[in-house]
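A.B. asks: Protein chains in written order, with our numbering: chain A, 1 to 1001; chain B, 1002 to 1120; chain C, 1121 to 1305.
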Amino acid sequence: MSIQSHSGSNRIAGVGRLVPAKTVRFTFDGQSLTGLEGDTLASALLANGIHLVGRSFKYHRPRGILSAGSEEPNALVDVERDKSRKQPNVRATVQEIYDGLQVKSQNRWPSLTFDIGAINDVFSPMLPAGFYYKTFMWPKFAWKTIYEPKIRAAAGLGVVPGEADTDRYSNRFAHCDVLVVGGGAAGLAAALSAAQTGAKVIICDEQAEAGGALRYETDVTIDGKPGYDWATETLASLRALENVTVLTRTTAFGYYAQNFVGLVERISDHLSNPGSDMPRERLWQVRARKVILATGAIERHMVFANNDRPGILLASAARAYLNQYGVAVGRKVGVYTANDSAYAAAIDLKRAGVDVPVIVDTRDNPSSPVIEEARSLGIDVVTGHAVFSAGGKRRVSSISIRPNKGGNERKVVVDALIMSAGWTPSVHLFSQSRGKVAWDAANERFLPGTYAQDCVSVGACNGSDGLQQALDEAVAAGGKLAGETGFKGKTAALKATGGTDWVLGMIGSAPGAGADTTVKAFVDFQNDVTAKDVRLAVREGMHSIEHVKRFTTNGMATDQGKTSNLHGLAIAAEALNRPIPAVGLTTFRAPFTPVTFGAIVNHARHDLFDPTRRTPMHAWHAAQGAAFEDVGQWKRAWYYPQAGEDMHAAVNRECVAVRNQAGIFDASTLGKIEVVGPDAAKFLELLYTNPWEKLGVGRLRYGIMLREDGFIYDDGVVGRLAEDRFHVTTTTGGAPRVMNHMEDYLQTEFPHLNVWLTSTTEQWAVIAVQGPKAREIIAPLVEGIDLSNEAMPHMSVREGRICGVPTRLFRMSFTGEAGYEINVPADYGRAVWEAVYERGKPLGLTPYGTEAMHVLRAEKGYIIVGQDTDGTVTPQDAGLTWAIGKNKTDYVGIRGLLRRDLVADGRKQLVGLKTKDAHVVLEEGAQIVANPNQPVPMTMIGHVTSSYWSQNCGRSIAMALVIDGTKRLGETLYVPMPDGVIEVEVTGTVFFDKKGERLNG
Amino acid sequence: MLLIKCPYCEEERPELEFRNAGEAHLVRSPAISEQSDEDFAAFLYFRQNPKGLQFERWRHIHGCGRFFNAVRDSVSDKFLTVYKAGEPRPDVETLLNPETVSDAEPAKKRAPRAKKGEL
Amino acid sequence: MADLAQAAQRAHPLQTGHAGVGSVSVALADNATRVSLRARPDAVAALSKALGLSLPLKPKTTTSQGNRAALWIGPDEWLLLDVDGSSLVADLAKVKVLHSAVDVSHRNVGIVVSGKGADAVVNGGCPQDLSLGAFPVGAASRTVLGKIEIVLWRTAEDTFRVECWRSFSGYAYSFLQESARDVAV
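1. Does the stretch 907-926 of chain A come within contact of the stretch 713-721 of chain A, defined as at least 3 CB pairs closer than 8 Å?
2. To the nearest angstrom, report how far apart residue 962 of chain A and residue 735 of chain A are at their CA atoms.
3. Using C-beta distances below 7 Å, list every residue in its chain close to residue 376 of chain A, excluding the 5 sequence neighbours before and after it, in chain order.
4. In three-state DSSP terms, what is residue 782 of chain A?
5. Taking all protein chains shown into account, decide if residue 813 of chain A is buried (16 or more other Cβ within 10 angstroms of its Cβ) or exposed.
6. Report the residue from A:342, A:304 and A:179 whose alpha carbon sits nearest the alpha carbon of residue 263 of chain A.
7. If I measure Cβ to Cβ from residue 669 of chain A and keep anything under 7 Å in the same chain, skipping five residues before and after, which residues do I get?
8. Among A:121, A:958 and A:516, which has the Cα closest to the Cα of residue 864 of chain A?
9. What runs of the alpha helix (DSSP H), each 4 residues or longer, lie entirely inside the stretch 589-672 of chain A?
10. Under 8 Å Cβ to Cβ from residue 1000 of chain A, same chain only, skipping five residues before and after it: list those, please.
11. Among residues of its own chain, excluding the 5 on either side of residue 1158 of chain C, which ones have a beta-carbon nearer than 6 Å to its beta-carbon?
12. Based on the DSSP secondary-structure assignment, which residues constitute the bridge partners of residue 955 of chain A?
13. Thinking C-beta only, is residue 938 of chain A closer than 9 Å to residue 1007 of chain A?
14. Among A:194, A:660, A:306 and A:173, which one has its Cα closest to the Cα of residue 474 of chain A?
15. Starting from residue 936 of chain A, trace the beta strand (DSSP E) both ways and give me its first and last residue.
16. Tell whether a beta-carbon distance below 9 Å holds between residue 692 of chain A and residue 703 of chain A.
17. In three-state DSSP terms, what is residue 418 of chain A?
18. Using C-beta distances below 8 Å, list every residue in its chain close to residue 543 of chain A, excluding the 5 sequence neighbours before and after it, in chain order.
19. Any idea if residue 917 of chain A is buried or exposed, counting beta-carbon neighbours within 10 angstroms, 16 or more meaning buried?
20. Assuming residue 385 of chain A is part of the beta strand (DSSP E), what are its boundary residues?
21. In the DSSP output, which residue or residues are listed as bridge partners for residue 1068 of chain B?
22. Does any CB atom of chain C fall closer than 9 Å to the CB of residue 828 of chain A?
23. Just mark residue 506 of chain A as buried or exposed, buried being the case when its beta carbon has 16 or more other beta carbons within 10 Å.
24. Kindly indicate which three-state DSSP category residue 532 of chain A falls into: helix, strand or coil?
25. I need the straight-line Cα distance from residue 586 of chain A to residue 440 of chain A, nearest angstrom please.
26. Which two residues bound the contiguous alpha helix (DSSP H) that contains residue 241 of chain A?
27. Taking the beta strand (DSSP E) that residue 439 of chain A belongs to, which residues open and close that run?
28. Assuming residue 834 of chain A is part of the alpha helix (DSSP H), what are its boundary residues?
29. Residue 416 of chain A and residue 313 of chain A: beta carbons closer than 9 Å?
30. Using Cβ-Cβ distances below 7 Å, what residues of the stretch 1040-1073 of chain B are close to chain C?
31. Do residue 1003 of chain B and residue 257 of chain A count as a contact pair if the criterion is CB distance below 9 Å?
32. Kindly indicate if chain B contains any beta-carbon less than 9 Å away from that of residue 107 of chain A.
33. Closest by CA to residue 76 of chain A, which one among A:70, A:92 and A:82?
34. So, is the C-beta of residue 1038 of chain B closer than 9 Å to a C-beta in chain F?
35. Looking only at DSSP bridge pairs, what is residue 712 of chain A linked to?
36. Measuring only the C-alpha atoms, how far is residue 15 of chain A from residue 345 of chain A?
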């Protein structure tokens, strides 16, 4: 054995496919190490003789590297580029190394080799499955305050990064005829065959390179070439085809309805200096007409005492480390197996010069050419025996071998042990697709049974064991499925030699870890579940595998039990004395491997988290120093503080200015719908409580919209521009749902009406000019409209021009003052606003924001739907009975309003409230009682819906929904608050200009 | 994400373009204000929500904007058919067994409930 | 007051102009006249005549004549586009058959995505199949882009026009640029 030391003492010269000259420097727990380009972190650590990489979840036992793939349960590490780009729980077997990679081990304190938490291992007899559920139940309060925080601190895997992730993530929707998941021999063959027909193909594989098992099956040829060379060439030729998308480092993590498959492509995790535009990961949302699953099989470990010691690995992993990376997992490697496939690893190791002192085979009289070959190489093959225990703590140092049936024990010194209990077909995605698995009793495995979606499984995941069988099946499937999507073409058969038949083996605990023992034989490494724990679960009454799983947490870690599920199931079945299929298999759920939040949210971060909607005048407000309020997705000017003003002072000033001179307000966010057609009025009659047929052209009316149940849904002013054309306004937040509500009735209930709806919310910028000087301010700017009270009274609309551009000028008011709402095409909004402001400024025109708008409307008792109503308020409750057309025979909500509960006494009605102390401002949402001296809990008779300080009234004002409120006018009620009871008087809802004279200016 | 065929766009489109609009074939009475409490309650509140085939409304809200009806299996999420608003409720037997029914005698006509849009 | 009247200048919601990332450019379209047209089948002939183009009747299709284009949006709905200052609105005002024409010129903003990979840029947020077979040159559809609604129109093999509502244009523009950065990698 010739050792090549500068990229690790266990690197063997002339073995593997990495280039010795291409070295890469990285650190592990601060220790500087060298690996080779193409190494995974696991292969580089093993090359440097490092097996101990972490501590286990519950017992803090030393753990090493089990596998060479994404099924890895143990070797979870923390990878950190910088403070904000830090990822815990990265599988060392997946992470590729790059220059400067910084890795830390997890779940240990103070260090990996000396971990205080390992005391849990000593006390483990006291920590059986279900321990937490039973022990920490009393006293009840202690769970939240003591037990849970302590347990959480002691357990857990990695540490969540403390800073926001600065990496970029992206998204791509993609469509294809055939999606092939898996780039092993079967996947490549299927993709090639489908691609040859001209069909659009996407093939993905989670590894950096294609090939799957061909990366280590050195005895294979396909098409006359060594298997790995064939895989590499095939991948290259697929990449060159225009109709094929090849995605490596890409995991298919979720299989959803109608062949919708989620993939995550890891783009920069393997790069030393990723470009700033480069996303770290890309989510692919693929809709495939056909899916071919070629997901392979996952090797199982043997379940025996201390099978979790670092240095104990899966046989296929050892073979991959050797043949791909040129790394020997040890210098004295024992083998423990229940099937043939581990022999190939032993043979490869032996041939590479590694000492293989023993192969322990649990089978009594196995016979196979590989066994003969192993023997011929001088390896001691011991059949009918089992490894009863592994010695060593931070690294396996020996194995104890005994005959299965008991007898003399002998100890063999090793520094690594490789094992194979057999292969579990990877049916995860098939199961996610809602396919039903079937039990293959002869080979003790679950295979795809009943398909639920348009997909097929090929190769090892389908139980097709021989390589030739897998290739034949894959070529046929690729051609057939492409053909079904309309692409016919010749597909070439592939001829293979060599390869391992991945069948048989054992499931459940090995001899020496049976029901009569108390040894720690791990089934689930990541969650520290032993065979004993599974049996305990059954003894405790868990008879369903779903219960066993939850009681023991077997298979519930981030690896989702890829290596452990079948073992756990077999042990449970044995304990229950029932056949395996009767105990059942838990359903596999997405994601196949953990997916970052970054990939899921992808573009939807920062500015793209949610659209921010700004009005045409937004920049003006910002330049004036306005504070903004979020209203749905809109940014609305809230108030305009001047130097030295707080919000209160600014709002007071704005409110007073509107009533004394005039104010200018951005109302652009109001929803607007243009209702056009000869039946427009008829339609509005049906959608609003009010009558519309007789509304004159050029007139406005305030309308109320109900749901069918009779409750207020929205309100707004509607203008009639022509016999067959209405300009409808809605609340800002209600615009989309009102449009949907109207379309629903128009399309499905009243389709006979000749009318159409068009959203014009964003066509118009709306500038409200309100106050006694409103007309004086706008008059010089307006052309073609007579603004006199006689020609254009309150609640009318005219079309003309303002500042030279077209306008729909509304004479209306949400302040109680005479005023206008100037609608202009949106791109002119800013210019017209500025012109109006410049014109009005000398006259005292003051910009006011949404807060002043709220106060002003409350002074007048105008409601805001959604604030003074909550979906249980009728027009009668809100004091709007006048808005219901008395002679109408139909409108949405007419029947709902007749419901007994809606016309009965005892409803909450909208009233005004005046605090006895005029300076006390009530809290919105505060509860109201009739008698503050009653015992708690008090009988609440209402709540405050709107409450403000009104500078114009010189006192606080409020509105409230109170049971039988209108009968209580003048009564004193009480609002109990934490610091005392507030006395209030029930009043009408209008606090200012009760006669409404100012509207007519 | 489901793929839903819009009967107006005449092709399958991603679910992101659609919005579910509840149970189909509910009748809003033309004389609704005279409806009894029981009938109105049935119209306003009571829904089938079956496990299995359900008749439901969808709106292609971010597409052609049309409301339409669909028959979907709530267990498998599979759509059996979609049809325009106002078209008659399809016969379930025919949908489930297209061959057997078409060969046999005309499927027995169930009195279809009135549907939205047919008023 | 004519002098004051002339003060009102148009202000586009986006002042960002043009951004190219790699092979794909994301640029603002010129101002346009836009009309949302609604009509039943029996009115199509008269409307087509007045417009000087045949309104498309097949889903996801468009027709155009000179600068004027009609995009099929729904079975009774078209989005009409023409250059700024065109006679589109006036042409429709003359039509007597039953229809609804609403000027939405200022409601929408157009963004043009062009260059090799433009389809992938749009597919960064649009779930439709944009292969040439499924979405050929001339195809148009209302759909979604990320979290907003858009109208998407393929004007050339590597060129898409994205129309969205005014206040969503900042989002659409940023989104397409972000996606273009991804595609350029």
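Note that beta-carbon positions come from the ideal geometry of N, C-alpha and C, so glycine has one too.
C.D. replies: Answer, in terms of the structure:
1. no
2. Roughly 29 Å separates the two Cα atoms.
3. none
4. DSSP, reduced to helix, strand and coil, places residue 782 of chain A within a strand of the structure shown.
5. buried
6. For residue 263 of chain A, the nearest C-alpha among the options comes from A:179.
7. Excluding sequence neighbours, residue 669 of chain A sits near 615, 631, 634, 636 and 732.
8. When only C-alpha atoms are compared, the closest one is A:958.
9. 597-601, 618-623 and 647-660
10. 789, 793, 794 and 818
11. 1196, 1197 and 1220
12. A:950
13. There is simply no residue 1007 of chain A to check, as chain A begins at 1 and stops at 1001 in what is shown.
14. A:194
15. Here residue 936 of chain A belongs to no beta strand (DSSP E), and DSSP marks it neither H nor E.
16. yes
17. The three-state secondary structure of residue 418 of chain A, taken from DSSP, is strand.
18. 576
19. exposed
20. 385-391
21. DSSP lists B:1060 as partners of residue 1068 of chain B.
22. yes
23. buried
24. helix
25. Distance between residue 586 of chain A and residue 440 of chain A, taken at the CA atoms: about 16 Å.
26. From DSSP, residue 241 of chain A is part of no alpha helix (DSSP H); its letter is neither H nor E.
27. 436-440
28. Under the DSSP assignment, residue 834 of chain A falls in the alpha helix (DSSP H) whose first and last residues are 829-840.
29. yes
30. 1063, 1064, 1065, 1066 and 1067
31. yes
32. Not one chain B Cβ lies under 9 Å of residue 107 of chain A.
33. A:92
34. No chain F appears in the structure shown, which is made up of the protein chains A, B and C.
35. A:706
36. 14 Å
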